[in-house]
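Under our numbering, read the sequence shown as residues 5 to 546, first letter to last. Heads up, the beta-carbon is just placed ideally off N, CA and C, and yes, glycines get one too. Computed from a predicted model, the values in this text were never measured in an experiment. Data block below; observations after.
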Amino acid sequence: MLGLMQQQNLLISDMIEFAEKHHGDTEIISRRVEGDIHRSNWAKIGARSRQVANALDGWHVPAGARVATLAWNGYRHLELYFGVSGSGRVLHTLNPRLHPEQVVWIVNHAEDSVLCFDMTFLPIVKNIHSHCPTVKHWVAMCDADKLPADSGIPELVSYEAWMSSQSNSYAWPELDENTASCMCYTSGTTGNPKAAVYSHRSTLLHAYACALPDVMCLSARDSVLPVVPMFHVNAWGIPYSAAMVGCKLVFPGPALDGKSVYELLETEKVTLAAGVPTVWQMLLGHLKAGSLRFNYLKRTVIGGSACPPAMIQAFNDEYGVEVLHAWGMTELSPLGTLCTLKNKHLELAPDEQMKIRLKQGRAIFGIDFKIVDDQGAEQPNDGKAYGDLLVKGPWVIREYFKQEGPSPLVDGWFPTGDVATVDPEGFMQITDRSKDVIKSGGEWISSIDVENIAMAHPDVAMAACIGMPHPKWDERPVVVVVKKPGCTLSSDDLLKFYDGKIAKWQAPDDVVFVDAIPLGATGKMLKTRLREQLAGYRLPSL
Ligand code: AMP
């Protein structure tokens, strides 16, 4: 017997229609590339996304064609999110922090038909356009009078001239919910990047999940500032969840420094912000230097790489802001887990609660995970056994775009490449990327644990732990450190700081001070590059 309910495809156009109809006057604020603050709302975003859809029809861009963006977080990017996917094309967000050669490779691999870019990225586009034969239309996301006359890019049009003359009436097509809606390439440090292709269904289910109380707890009362870029994994799905709940959105544009972000948090009364640890480092530095406080911010989602305990503590104890530590990846749309306490934890002492908050968190309904050993045998959830983390769920990829060779799945599970423990309460903790685990004397040392301790030292700005070859132990940990400006920390001081905080054999053998740690295109530490930089290094004991 079948259920007797209405059959309705889960579509991205439904989200924007809902936001427009029920939250039309809720504001969408953007700091623009030009530096000024632009004010829009869901009604205008809805109308203009329909104009984008009409403009794409005008160019006869076929259904399923890829429309790429090279853009900051802002209202025009949001209009493209809905206008492109809603009309049946595939939004392809490009990461401008990649090397131009990689951008060219990705554009050609995706066979992008249209490329829309913020003026900041004009130099990249000038560099690459002649190497991108599939791109028929180049759109500069600016007003008509800001279009450069001598760009050298064939038939370059301004976004406003292109779309704002279009009708804002448009009937969103009734697509199959499994139609591709957007795609994003992984920032793989080895080999060519690979693309996750999301569907309308997966995006909508992910948006529902993100908004849940034990996830981002989003509501129409929130003002949300995604520092996390719309050019990588859809700003963690926030633009969609925001439309679904009708909250206010505040976009920082290109200004991600502590001062600019703080200004927006205060003037736009932001209640929730989301970003990677490196961005929050700058914000906390700005607050400390100016003895500032947050007057509105209540929660911040931190993920993308391990959030150092010192940061969780600073937000919590000094500024009264709850940190929601999240884990995910491109292949998961991206959210997999997020850390919030259970009812039984509310009675625990703050120290005990903090131990839980440091973990990457519990599975969100929809995502299932397990840890396995090298033979694929499931490991116990005892908080101690570690293993390769495998996931499955309706917003996890089953294969990559133009997959070559067999599916990446193992018996239906996607291997994340992360190593983790899971405690009896189901809280998952990442110990490492599998390729970063340090193997010493047959045991594993978590580079994240070593880094977190260094980051808790008041003189340390950033720390990366890597394994160095050792003839007896295989590898020994070395911590590479950037000192805070003006600090005179010595190696011995930092090594002593490990006493009593970690088993002696897990503590690093040496400290290497550097001016900067290389970061990848998504703000993660590039340990491959760091290893190359330390190629001639020898451990002190050798
Ligand atoms: P990406 O696909 O670029 O989003 O990168 C995904 C990878 O980032 C994951 O597989 C993890 O290795 C890492 N990652 C994301 N969030 C966290 C976190 N909270 N703690 C530790 N690693 C993380």
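To which residues of the same chain is residue i closer than 8 angstroms at the C-beta, ignoring the five residues directly before and after it?
i, result
"G92", "A67, G68, P177, L179 and T183"
"L394", "F373, K374, I375, V376, V414, W417, F418, P419 and T420"
"M19", "F86, L208, A211, Y244, A247 and M248"
"L296", "Y266 and H290"
"L523", "T282, M529 and L530"
For residue i, which residues in the same chain have their Cβ closer than 7 angstroms to its Cβ, ignoring the five residues on either side in sequence?
i, result
"D377", "Q383 and G391"
"V515", "V483, V485, S495, L498 and L499"
"T334", "C188, T190, A200 and V237"
"F298", "L269, Y323 and V325"
"S206", "S337, P398 and W399"
"E83", "I49, R52, S53 and V56"
"W477", "S444 and G445"
"P258", "V37, W76 and T124"
Answer with buried or exposed for residue i, where buried requires no fewer than 16 other C-beta atoms within 10 angstroms of its C-beta.
i, result
"L336", "buried"
"E164", "buried"
"W76", "buried"
"W166", "buried"
"H103", "exposed"
"C120", "buried"
"K198", "buried"
"G380", "exposed"
"D519", "exposed"
"H64", "exposed"
"E181", "buried"
"G430", "exposed"
"Q10", "exposed"
"K292", "exposed"
"K488", "exposed"
"D559", "A question about residue 559 goes unanswered here, because the residues of the chain that appear run from 5 up to 546."
Can you give the Cα-Cα distance for residue i and residue j, rounded to whole angstroms?
i, j, result
"G504", "E270", "40 angstroms"
"F548", "V486", "Any answer about residue 548 is impossible in this case: the structure gives the chain only from 5 up to 546."
"V219", "A213", "7 angstroms"
"D122", "C146", "7 angstroms"
"I371", "W399", "8 angstroms"
"T435", "H329", "14 angstroms"
"P256", "S34", "6 angstroms"
"P243", "P544", "50 angstroms"
"E272", "L493", "39 angstroms"
"A215", "M472", "42 angstroms"
"S171", "I110", "33 angstroms"
"H474", "N112", "43 angstroms"
"E479", "A389", "21 angstroms"
"V88", "N456", "41 angstroms"
"P412", "S155", "42 angstroms"
"G289", "V280", "15 angstroms"
"M234", "W240", "8 angstroms"
"E159", "P152", "12 angstroms"
"I550", "M432", "A query on residue 550 cannot be resolved here, the shown segment of the chain reaching from 5 to 546 and no further."
"A148", "V454", "52 angstroms"
"E408", "I401", "15 angstroms"
"R437", "I452", "9 angstroms"
Residue i bridges to which residues according to DSSP?
i, result
"N385", "Answer by DSSP bridge pairing: none, since N385 is not bridged."
"A153", "Answer by DSSP bridge pairing: none, since A153 is not bridged."
"D514", "V482"
"R297", "Answer is none; R297 lacks a bridge partner."
"D116", "R70"
"T304", "A277 and V327"
"W109", "Paired residue(s): none; W109 is not in a bridge."
"R54", "None; R54 has no bridge partner."
"D415", "Note: D415 sits in no beta bridge, so no partner."
"V464", "K487"
"L393", "I375"
"S34", "H42 and F255"
"V423", "D392 and D436"
"L345", "Beta-bridge pairing links L345 to no other residue."
"Y142", "Note that residue 142 is Trp in the sequence shown here, rather than Tyr. Answer is L119, bridged to W142."
Taking 6 angstroms as the limit between beta carbons, can you name the residues of its chain near residue i, skipping five residues before and five after?
i, result
"N385", "V426 and P428"
"Q510", "I449"
"A72", "H96, L98, D116 and L119"
I'd like to confirm something about residue i: is its beta-carbon nearer than 7 angstroms to some heavy atom of the ligand PLP, or not?
i, result
"H329", "Among the ligands in the structure shown, the ligand PLP does not appear; only the ligand AMP can be found there."
Cβ contact check for the segment 94–106 and the segment 187–207: 3 or more pairs under 8 angstroms:
These segments touch.
Determine, using beta-carbon pairs with one atom in the segment 70–85 and one in the segment 40–49, whether at least three such pairs fall under 8 angstroms.
Using a C-beta cut-off of 8 angstroms, the segment 70–85 makes contact with the segment 40–49, since at least three inter-stretch Cβ pairs fall below that distance.
Pairing CB atoms from the segment 128–148 with CB atoms from the segment 245–264, are three or more of them under 8 angstroms?
In short, these stretches do not touch, since the Cβ pair count stays below three.
Check whether the segment 520–537 and the segment 460–479 are in contact - that is, three or more C-beta pairs closer than 8 angstroms.
Segments in contact, yes.
Decide if the segment 314–332 is in contact with the segment 223–235; the criterion is three or more beta carbon pairs, one per stretch, under 8 angstroms apart.
For the pair of segments examined, the segment 314–332 was found not to touch the segment 223–235: the number of CB pairs separated by less than 8 angstroms stays below three.
With contact counted as at least three CB pairs below 8 angstroms, one residue from each stretch, are the segment 47–55 and the segment 15–26 in contact?
In short, these stretches touch, since the Cβ pair count reaches three.
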